[in-house]
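For reference, the structure is listed below as structure tokens.
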Amino acid sequence: MTDAGPPEMTRRGFLRKGAATVAGMSALAAALSPLRDLAPDDVPSIEELLQKHYKEMTPAEKQAVLERIAREVEQRYKVRPTLSDPPPLDGVEFVYGLNISRCIGCRKCVHACVQENNQSRSPEIQYIRVLKMQKGSIDVETSDHHYDPPAVPEHDSYYMPVQCHQCAKPPCVKVCPVEATWQEPDGITVIDYDWCIGCRYCEAACPYWARRFNFAKPELPADQLNPHMAYLSNRPRAKGVMEKCTFCLHRTRRGRLPACVEVCPTGSRKFGNVLDPDSEVAYILRQKRIFVLKQDVGTLPRFFYYFDERGSRYHEPITPVKPRA
Amino acid sequence: MRPPTTNVRLDRVASVLVPLALLALAAALAFGPWQFVSPVPAATMVPTWATDPTPVRQPSPRPEVQIGGYTFRCSDCHNLFRSPPETTRQLTQHSHVVLKHGINTRCFNCHHIANRDAFIDDWGQEIPWNEPPRLCAKCHGPVYRDWLHGSHGRSNGYWDTSRGPQERPKCIECHDPHQPPFPPMQPAAPPNTLRMGDQRAGTVHVGVGDPLRVYQQDGASDAREDTQADGSRGGIGGAAQPERATKPQAEPEDQP
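Protein sequences appear in the order of chains D and V. The numbering of the first sequence is the numbering used here, which starts it at 1 and goes up by one. The numbering of the second sequence is the numbering used here, which starts it at 1 and goes up by one.
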């Protein structure tokens, strides 16, 4: 401890320092050992890191991105997807109508949506929430989405499915700090999953609780993958990005109905182009009693709930509503 | 002489203990029992009926009946055996038919009394078998109007009919004409998602000690009762409101 010259390396000192170094290195290696579980597709490629914003991409660049994503999907799921980027249609503005006199709360729309849009199965991500509401009340605070009776509908309830309302004044778009989400000309608010930083501001801003976050790595069995994908809708997402209902734009921009509309057994769900005066939704908006969820927040949704006439459900005796305690 | 000796001894002890501690830490991290336990539940199997878009009924498109492997038209028998004109008696044939159609209790309100292969309209004229909406429209005018305009009933296929066909199932593909209310059905599985999980105060950070605690199937009945009792959760954004979350969990049901 007192030597002033250069330290002499003794045999004992060498062994001691060597042992400490080996121990330290092995501790470091052990601390880094979780990296062993990192799958190769968890590491973003250089192309993905250098990718431009969706709106800044030229058609050629977009094609290259689609090709890269198709390659990655094929690598991961062993299924060659048909990946495209259908543009919004001219003269089309999509509007959704939901007949809450007819909805029986069977949740088939929820699961058809998951199957169509390649949501994560574990943890579950669902775009549609079916609220069981008390008859005579429209208070969502007393609603329940965990109901599981042997059969629906229950006589004292009605059901109000909630999903993205595709607002004309979307607060989720306003709060996004990186412009990863925006409203398309046909009214659909979309997300560029490759641009989203996962800050979840939009989730907090949405008054309809319609946005979902991939807290964990999305798990999707390869045999349940829907290979018909679009860049802005149902291509597989990564951990740490937001996602939401896009009115199935990979279907609806090709003229087809969304998956939730097609599966609804009671025909409570209506979809179409509101700019076409002969469309179903235009008829509903003209002729039916409509209400908009949380109208007072001023989001101007494109999702309308409507009623049928009182007494049009002949099997239901009209009973006075019991006053609530 | 004492202090240097102590320092040297401490130095030696430390030079053995520190590597040993590091090695023990390394071994523990690499082979230890502290595995990461994911709060994510295993995927639940979704039955195929939950995503099946076919209508709930497949009624016969023709006025035919299968008896003993042979196919008969309705008129084959009914031209031979005349029915009494108006009857509410117990049927001797077609005993599977249970007529619960409100005040519509007579067979010949709908079936044509002379030609059993057709239905009857308000003027006694025949309605072809494959046009049941015209028959239903006799009484259900507003619903028929809405069905024609598309606001009642299902739509499958294309919203843009210039690009592809749209199927509009007829009345009896959803409604049994003899018991018209849409039949109750089993609901598909409730959500088991992370954010839709049980987030009442007191349940989030206890139990498995996990802030991402997921909705437990076995606690489902409890969750429902509490939701009914105090309404503190389940609404849009309601689960995230702290002043509601701190309310007492189980209020007495019979509070005034």
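Note that the Cβ used here is the ideal one computed from N, Cα and C, for glycine as well.
Ranked by Cα distance from Lys-239(D), the first of His-53(D), Glu-124(D), Tyr-159(D), Thr-82(D) is Glu-124(D).
Residue contact with chain V for Arg-289(D): absent (no Cβ-Cβ distance below 7 Å to any residue of chain V).
Between Val-56(V) and Pro-265(D), the beta carbon gap of about 5 Å places them in contact (Cβ cut-off 8 Å). Inter-segment contact for the region 132–152 of chain V and the region 284–291 of chain D is present: three or more beta-carbon pairs are separated by less than 8 Å. Per DSSP, reduced to three states, the secondary structure at His-228(D) is strand. In the same chain as Pro-47(V), and ignoring 5 residues on each side of it, the C-beta atoms closer than 8 Å to its own belong to Ala-188, in chain order. Here Trp-182(D) carries a strand assignment [DSSP, helix/strand/coil].
Separation of the CB atoms of Ser-75(V) and Asp-121(V) is rounded to 18 Å, and the pair is thereby denied contact status at 8 Å. Within 8 Å of the CB of Tyr-201(D), no CB atom of chain V is found; the nearest one sits about 14 Å away. Secondary structure of Val-46(V) (DSSP, three-state): coil. Residues of the region 142–157 of chain V whose Cβ lies closer than 8 Å to any Cβ of chain D, in chain order: Pro-142, Val-143, Asp-146, His-149, Gly-150, Ser-151, His-152, Gly-153, Arg-154, Ser-155, Asn-156, Gly-157. Listed along chain V is no residue with a C-beta nearer than 7 Å to that of Asp-85(D); the closest approach is about 18 Å.
Look at the region 16–31 of chain V: the residues with a C-beta under 7 Å from a C-beta of chain D are Val-18, Pro-19, Leu-22, Leu-23, Leu-25, Ala-26, Leu-29, Ala-30. Contact check between the region 205–217 of chain D and the region 81–91 of chain D: fewer than three CB pairs, one atom from each, fall below 8 Å, which does not count as touching. CA-to-CA, the gap between Ser-15(V) and Arg-16(D) works out to about 7 Å. In the DSSP assignment, Gln-287(D) falls within the unbroken alpha helix (DSSP H) covering 280–287.
Secondary structure of Val-292(D) (DSSP, three-state): coil.
The region 197–206 of chain D and the region 41–48 of chain D do not touch, with fewer than 3 CB-CB distances between them shorter than 8 Å. With distances taken between CA atoms, Val-114(D) lies nearest to Gln-163(D) out of His-155(D), Gln-163(D), Asp-308(D). Take the alpha-carbon of Ala-210(D) and the one of Gln-179(V): they are about 38 Å apart.
Annotation: Val-261(D) is outside any beta strand (DSSP E); the continuous alpha helix (DSSP H) that includes it extends over 259–263. When 9 Å is used as the limit between beta carbons, Pro-177(V) is near no residue of chain D, the shortest such separation being about 13 Å.
Among the residues facing chain D, Val-46(V) is included, as its CB has a counterpart in that chain under 7 Å away. For the set Leu-131(D), Thr-181(D), Asn-99(D), Ser-101(D), the Cα lying nearest the Cα of His-53(D) is the one of Thr-181(D). Taking Lys-135(D) as reference, the option from Arg-129(D), Ala-151(D), Tyr-305(D), Met-160(D) with the minimal CA-CA separation is Met-160(D). Identification of chain D residues near Ala-137(V) by a Cβ-Cβ cut-off of 9 Å yields none; the smallest Cβ-Cβ distance measures about 14 Å.
Using a 10 angstroms sphere on the CB of Ala-24(V), the tally of other CB atoms stays under 16, which defines it as exposed.
The C-beta of Lys-239(D) comes no closer than 7 Å to any C-beta of chain V. Inter-segment contact for the region 225–240 of chain D and the region 76–83 of chain D is present: three or more beta-carbon pairs are separated by less than 8 Å.
The contact set of Ser-122(D) on chain V, defined by CB atoms closer than 8 Å, consists of Val-40, Pro-41, Ala-42, Ala-43 in chain order. By the Cβ neighbour-count rule, Val-97(V) is exposed, with fewer than 16 other Cβ atoms within 10 Å of its own. Positions of the beta strand (DSSP E) runs, each at least 3 residues long and wholly inside the region 54–114 of chain V, are given as 64–67, 70–73 in order along the chain.
Taken in chain order, the complete alpha helix (DSSP H) segments of 4 or more residues contained in the region 91–128 of chain D are 108–117. Just measuring C-alpha positions, the residue of Ser-268(D), Ile-188(D), Val-241(D) sitting nearest Arg-251(D) is Ile-188(D).
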